[in-house]
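Student: Just so you know, we're using this note's numbering here: the sequence shown kicks off at 640 and counts up by one. No residue lacks a Cβ here, since even glycine has one placed at the ideal position from N, Cα and C.
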Amino acid sequence: MPELPEILTRARGMSAELPGKLITSIDVIQPKCLNVPLEEFKTNLQGARLGQTTCHGKWLFTETSQGWLLLNLGMGGEIILATRSSLPEKFRLVFDFNDDSCLVVNFWWFGYAHYVKPDGLAGHTMTAKLGPNAVDISPAELLKMTRGQKAGVKAFLLDQKHIAGIGNAYIHDILFMAQLHPLRSLETISDPEIDRLAHAIHDGLQSSIDKGGAFYEVGLHGEKGGFTMEDVLIGYKEGQACPMCKTTILKIKTGGTSSYICPNCQPI
Ligand SMILES: [Zn+2]
640 MPELPEILTR ARGMSAELPG KLITSIDVIQ PKCLNVPLEE FKTNLQGARL GQTTCHGKWL
700 FTETSQGWLL LNLGMGGEII LATRSSLPEK FRLVFDFNDD SCLVVNFWWF GYAHYVKPDG
760 LAGHTMTAKL GPNAVDISPA ELLKMTRGQK AGVKAFLLDQ KHIAGIGNAY IHDILFMAQL
820 HPLRSLETIS DPEIDRLAHA IHDGLQSSID KGGAFYEVGL HGEKGGFTME DVLIGYKEGQ
880 ACPMCKTTIL KIKTGGTSSY ICPNCQPI
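Right under this line is the structure:
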């Protein structure tokens, strides 16, 4: 599933190549992914000129001359810059441009393509309540957000209303770098530990952003991200040695999800 490093990488790629292109026609294979009726979606975006793309959590926001195009790949997918003669095998939406290129969107499972009016973002319920992007949160802000909270630290970090963009790929290494057990209640975590956590969130995501995101996601031209399993510290590595202390990494149940921890570096 794409998380902030993959979405941010896509936003950068889209911002580098899409601005100035004008949408001439739109094909939608799966109208269920839209937030407005198909004809309204087309009418609103045909003739629109694309601007910059930014991201918030797992959503991509492309500004156009006629409002916003919001994309969310859900469990994953591809956004490819192609031509009609080189369309990928699978796709759910195609945006044709005036220069004969087209933007092809595929969702592996289910995703969203939403149209929002120029001044309508505050009313877009699926994104308006997201917390700030994880890489933008300072140690002071994280301290303010977490003091007075009682949730387990992992559950808190995965709740997109608090912090947007962390999911099950990066959470394990973030908690490992912060030396925090996933079930530690925020009440028991000291201010210096929150400071360490803030740096771990930043470093854990930035190392992947610097490499163009995870290897299982692709960019506008199908190029793979450069962050591989060799870059992962302990996530999905049960039975292997902790890179810090050589203790065997464990896979444990934490609520409804699995966690990967070093029991020595991350005591409960
Ligand atoms: Zn360890």
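From serine 655 to isoleucine 802, what does the alpha carbon distance come to, in whole angstroms?
Tutor: The residue you call residue 655 lines up with position 16 of the sequence shown. The residue you call residue 802 lines up with position 163 of the sequence shown. Going by the sequence as given, residue 655 is alanine instead of serine. Using only the alpha carbons, I get a separation of about 27 Å.
Student: Please identify the residue among Gly843, Leu797 and Gly716 whose C-alpha is closest to the C-alpha of glycine 895.
Tutor: As a first step, residue 895 must be located in the sequence shown, where it is residue number 256. Of Gly843, Leu797 and Gly716, the residue nearest in Cα terms is Leu797.
Student: For leucine 684, which residues from the same chain have a beta carbon less than 8 Å from its beta carbon, with the 5 sequence-adjacent residues on both sides left out?
Tutor: Counting from 1 along the sequence shown, the entry for residue 684 is found at position 45. Same-chain partners within the cutoff: Ile662, Ile665, Thr703, Gln705, Gly706, Leu708, Phe734 and Tyr754.
Student: Quick check on DSSP: helix, strand or coil for leucine 708?
Tutor: Numbered from its first residue, the sequence shown carries residue 708 at position 69. Leucine 708: strand per DSSP, three-state reduction.
Student: Since leucine 859 and glycine 716 should fall inside the 8 Å C-beta cutoff, what is the C-beta to C-beta distance between them, to a whole number of angstroms?
Tutor: On the sequence shown, position 220 is the one that residue 859 refers to. On the sequence shown, position 77 is the one that residue 716 refers to. Not confirmed; about 13 Å, so no contact.
Student: Which complete alpha helix (DSSP H) runs does the region 781 to 861 hold, if anything under 4 residues is left out?
Tutor: Runs found: 792 to 797, 810 to 816 and 830 to 848.
Student: Are the beta-carbon atoms belonging to leucine 657 and threonine 693 less than 9 Å from one another?
Tutor: Counted from its first residue, the sequence shown places residue 657 at position 18. Counted from its first residue, the sequence shown places residue 693 at position 54. For leucine 657 and threonine 693, no; Cβs fall outside 9 Å.
Student: What residues in its chain sit with their C-beta under 7 Å from that of glycine 770, if we drop five residues either side in the sequence?
Tutor: One-based indexing of the sequence shown puts residue 770 at position 131. Taken in chain order, the residues that qualify are Gln799, Lys800, His801, Ile802 and Ala803.
Student: Just the residues with CB closer than 6 Å to a heavy atom of ligand 1, in chain order, which are they?
Tutor: Answer in sequence order: Cys881, Met883, Cys884, Thr886, Cys901, Asn903 and Cys904.
Student: Spatial neighbours of lysine 908 within its chain, please: CB distance less than 7 Å, with the 5 preceding and 5 following residues excluded, ordered by chain position.
Tutor: Lying outside 640 to 907, the shown extent of the chain, residue 908 is not represented and no answer is given.
Student: Would you list the one or two residues that DSSP bridges to alanine 688?
Tutor: Position 49 of the sequence shown, counting from 1, holds the residue named residue 688. The residue asked about is misnamed: residue 688 is arginine in this sequence, not alanine. The partner list for arginine 688 (beta bridge, DSSP) reads Leu661.
Student: Report the option in Arg731, His838 and Leu825 whose CA atom is closest to the CA atom of alanine 779.
Tutor: Along the sequence shown, one-based indexing puts residue 779 at 140. That would be His838, whose Cα lies nearest to the Cα of alanine 779.
Student: From methionine 868 to glutamate 678, what does the alpha carbon distance come to, in whole angstroms?
Tutor: Reading the sequence shown from its first residue, position 229 is the one you call residue 868. Reading the sequence shown from its first residue, position 39 is the one you call residue 678. About 44 Å.
Student: If I follow the unbroken alpha helix (DSSP H) through glycine 716, where does it start and stop?
Tutor: Position 77 of the sequence shown, counted from the first residue, corresponds to residue 716. Glycine 716 -> not in any alpha helix (DSSP H); beta strand (DSSP E) instead, spanning 716 to 722.
Student: Between which residues of its own chain and proline 906 is the CB-CB distance below 8 Å, once the five residues before and five after are set aside?
Tutor: Mapped onto the sequence shown, residue 906 falls at position 267. Closer than 8 Å at the Cβ level, and outside the excluded window around proline 906, lie His820.
Student: Three-state secondary structure (DSSP) at phenylalanine 680?
Tutor: On the sequence shown, position 41 is the one that residue 680 refers to. Phenylalanine 680: helix per DSSP, three-state reduction.
Student: Give me the Cβ distance between lysine 793 and threonine 893, rounded to the nearest whole Å; I'm assuming they're in contact under 8 Å.
Tutor: Here residue 793 corresponds to residue number 154 of the sequence shown, with the count starting at 1. Here residue 893 corresponds to residue number 254 of the sequence shown, with the count starting at 1. Sure, about 6 Å apart at Cβ, within 8 Å.
Student: How about alanine 853 and arginine 835: are their beta carbons less than 9 Å apart?
Tutor: If you number the sequence shown from 1, residue 853 lands on position 214. If you number the sequence shown from 1, residue 835 lands on position 196. No, the pair does not count as a contact, with Cβ atoms beyond the cut-off.
Student: Going by DSSP in three states, glutamate 728 sits in which element: helix, strand or coil?
Tutor: Sequence index remark: in the sequence shown, residue 728 carries index 89 (1-based). If DSSP states are grouped into helix, strand and coil, glutamate 728 belongs with coil.
Student: Where does serine 777 fall in DSSP's three states?
Tutor: Residue numbering aside, residue 777 sits at position 138 when the sequence shown is read from its first letter. It is coil, neither helix nor strand.
Student: Once DSSP output is grouped into helix, strand and coil, what is the label at leucine 643?
Tutor: Here residue 643 refers to the residue found at position 4 when the sequence shown is read from its first residue. In the structure shown, leucine 643 sits in a helix (DSSP, three-state: H, G or I).
Student: Between the Cα of glutamate 826 and those of Lys850, Gln879 and Ala790, spot the shortest distance and give me the residue it belongs to.
Tutor: Numbered from 1 along the sequence shown, position 187 holds the residue referred to as residue 826. When each option's Cα is compared against that of glutamate 826, the closest is Ala790.
Student: What is the DSSP secondary structure of arginine 877, reduced to helix, strand or coil?
Tutor: On the sequence shown, position 238 is the one that residue 877 refers to. Correcting the residue type first, residue 877 is glutamate in the shown sequence and not arginine. Coil at glutamate 877, not helix or strand.
Student: Which same chain residues end up closer than 7 Å to valine 871 when comparing Cβ atoms and leaving out the 5 residues on each side of it in sequence?
Tutor: Taking the sequence shown and counting its residues from 1, one reaches residue 871 at position 232. Correct list, in chain order: Asp812.
Student: Between the alpha carbons of phenylalanine 749 and glutamate 642, how many angstroms are there, rounded?
Tutor: On the sequence shown, position 110 is the one that residue 749 refers to. On the sequence shown, position 3 is the one that residue 642 refers to. Straight-line Cα distance between these residues: approximately 16 Å.
Student: What did DSSP end up calling lysine 697 once you bin it into helix, strand or coil?
Tutor: For the purposes of this step, residue 697 is identified with residue 58 of the sequence shown, where counting begins at 1. Coil.
Student: Here's the rule I'm using: 16 or more other beta-carbon atoms within 10 Å means buried, otherwise exposed. How should threonine 722 be labelled?
Tutor: Here the question's residue 722 lines up with position 83 in the sequence shown. Classification for threonine 722: exposed.
Student: Can you tell me whether threonine 886 is helix, strand or coil according to DSSP?
Tutor: As a working note, residue 886 is residue 247 in the sequence shown. Correct three-state label for threonine 886: coil.
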